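**Student:** Residue numbers (this note's numbering): 1079 to 1379. Before anything else, here's the structure in question.
Right, here's the structure in full:
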């Protein structure tokens, strides 16, 4: 979702790493390998199974991420540029400013670069590479095992008049399928989103900007109250609502709405026209007959 998921993982929602790069000034541990929010295999035999097994563990102020849970993996510490983000710093204050103000001040700059290394999905690896092509995005974002995932768990999500059938496909990303579907960015959902679009930077930017404009015109988001901090704090609840919409989970709270999913995505619109997020969802999976979601080799990328 990205969280990406946010992400350009290199990058499904965002890989962060100390390997092969200096850690001076960062909250890193020696020898820590690259960790991606959404690239960890789910333990299908856990008794606490979740359809959307992703969770952020925050500090007591709910501002800085301490750990990340993805399926059966609990990874920590989550990297942060502690020379930039610390109590009372100007960067910390930016987290509470309306993103629309920051967007206007920075023109066309990708705000994933502006915010820098904040956590496992808000960091420069989630910025959209300016010279991307369909093939380069495919190589970066195709993480699914598709039909090769052993003993996949099938699940159905129902919310706000929508119903999709999907299954585990190697990583805990199945929890992002309703989010990507609600935004209309999976392969086969939008006839304008095709390989030639990704190969034409201007065409792709126009497409992304139009998608963002349409969702804002439909829902009239209160942009003065959309901040980075509000986005961070709603992330866990988004996955909890996805669990509530899943056929394998007891409904413990509210079901998501399309507006919930699109509001979450609109933050990515303010960051970089949602170009990273759209590409992530496109390569996340495809819609097949009967609103079944396919992944990897099922989608003929």
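Glycine included, every Cβ here is placed at the ideal spot set by N, Cα and C. The structure displayed is predicted, hence computed values, not measured ones.
According to DSSP, simplified to helix, strand and coil, what is residue 1157?
**Tutor:** coil
**Student:** Starting from residue 1129, trace the alpha helix (DSSP H) both ways and give me its first and last residue.
**Tutor:** That residue, residue 1129, is in no alpha helix (DSSP H); it is neither H nor E in DSSP.
**Student:** When we look at the beta-carbon of residue 1143 and count the other beta-carbons within 10 Å, is it buried (16 or more) or exposed?
**Tutor:** buried
**Student:** Compare the beta carbon distance of residue 1246 and residue 1259 with 7 Å and say whether it is the shorter of the two.
**Tutor:** no
**Student:** For residue 1256, does the three-state DSSP call read helix, strand or coil?
**Tutor:** Judged by DSSP in its simplified three-state form, residue 1256 adopts helix.
**Student:** Taking the alpha carbon of residue 1139 as the reference point, which residue from 1289, 1307, 1214 and 1242 has its own alpha carbon closest?
**Tutor:** 1307
**Student:** Is the separation between the beta-carbon of residue 1354 and that of residue 1214 shorter than 7 Å?
**Tutor:** no
**Student:** Between residue 1158 and residue 1196, how many whole angstroms is the CB-CB distance? I'm expecting something under 8 Å.
**Tutor:** 6 Å
**Student:** Please name the residue or residues paired with residue 1335 in a DSSP beta bridge.
**Tutor:** In DSSP, residue 1335 forms no bridge with anything.
**Student:** How many Å lie between residue 1365 and residue 1303 at the Cα?
**Tutor:** Each residue's Cα considered, the two are about 34 Å apart.
**Student:** If you drop the 5 nearest sequence neighbours on each side, which residues of the same chain put their C-beta closer than 8 Å to that of residue 1314?
**Tutor:** 1133 and 1134
**Student:** Is the number of C-beta pairs between the stretch 1262-1277 and the stretch 1146-1165 that are closer than 8 Å three or more?
**Tutor:** no
**Student:** If you draw a straight line from the alpha carbon of residue 1105 to that of residue 1331, how long is it in whole angstroms?
**Tutor:** Confidence is the limiting factor: at residue 1105 the pLDDT is only 36, short of 50, which leaves the residue's position unreliable and the question unanswerable from this model.
**Student:** Is it the case that the Cβ atoms of residue 1250 and residue 1148 are separated by a distance below 7 Å?
**Tutor:** yes
**Student:** Leaving out the 5 sequence neighbours to the left and right, which residues in its chain are closer than 8 Å to residue 1200 when beta-carbon positions are compared?
**Tutor:** 1092, 1190, 1193, 1306 and 1310
**Student:** Excluding the five sequence neighbours on either side, which residues of its own chain have a C-beta within less than 6 Å of the C-beta of residue 1379, listed in chain order?
**Tutor:** 1216
**Student:** Alpha carbon to alpha carbon, what distance is there between residue 1172 and residue 1166?
**Tutor:** 10 Å
**Student:** Below 8 Å on the Cβ atoms is my contact criterion, and I expect residue 1238 with residue 1335 to pass it. Report the Cβ-Cβ distance as a whole number of Å.
**Tutor:** 5 Å between Cβ atoms; contact.
**Student:** Do you know offhand how far residue 1275's Cα is from residue 1282's?
**Tutor:** One C-alpha to the other measures close to 5 Å.
**Student:** Give the list of continuous alpha helix (DSSP H) stretches no shorter than 4 residues that lie fully inside the stretch 1179-1222.
**Tutor:** 1189-1193 and 1212-1219
**Student:** Quick check on DSSP: helix, strand or coil for residue 1341?
**Tutor:** The answer is helix: DSSP assigns residue 1341 an H, G or I state.
**Student:** Determine, using beta carbons only, whether residue 1347 and residue 1263 come nearer to each other than 7 Å.
**Tutor:** no
**Student:** Since residue 1291 is in the alpha helix (DSSP H), which residue starts that stretch and which ends it?
**Tutor:** 1279-1297
**Student:** Give me the Cα-Cα distance between residue 1181 and residue 1350, rounded to the nearest whole angstrom.
**Tutor:** 9 Å
**Student:** Buried or exposed: where does residue 1361 fall if 16 or more other Cβ atoms within 10 Å of its Cβ makes it buried?
**Tutor:** buried
**Student:** Name the DSSP beta bridge partners of residue 1372, please?
**Tutor:** 1364
**Student:** Can the beta-carbon of residue 1128 be found less than 7 Å from the beta-carbon of residue 1278?
**Tutor:** no
**Student:** Give the straight-line distance between the Cα atoms of residue 1232 and residue 1339, rounded to the nearest whole angstrom.
**Tutor:** Rounded to the nearest whole angstrom, the CA to CA distance from residue 1232 to residue 1339 is 22 Å.
**Student:** When we look at the beta-carbon of residue 1146 and count the other beta-carbons within 10 Å, is it buried (16 or more) or exposed?
**Tutor:** buried
**Student:** Can you name, in chain order, every residue of its own chain whose Cβ lies under 8 Å from the Cβ of residue 1265, other than the five neighbours on each side?
**Tutor:** 1271, 1360, 1361, 1363, 1364, 1365, 1377 and 1379
**Student:** Measure the Cβ-Cβ separation of residue 1356 and residue 1252 and say whether it is below 7 Å.
**Tutor:** no
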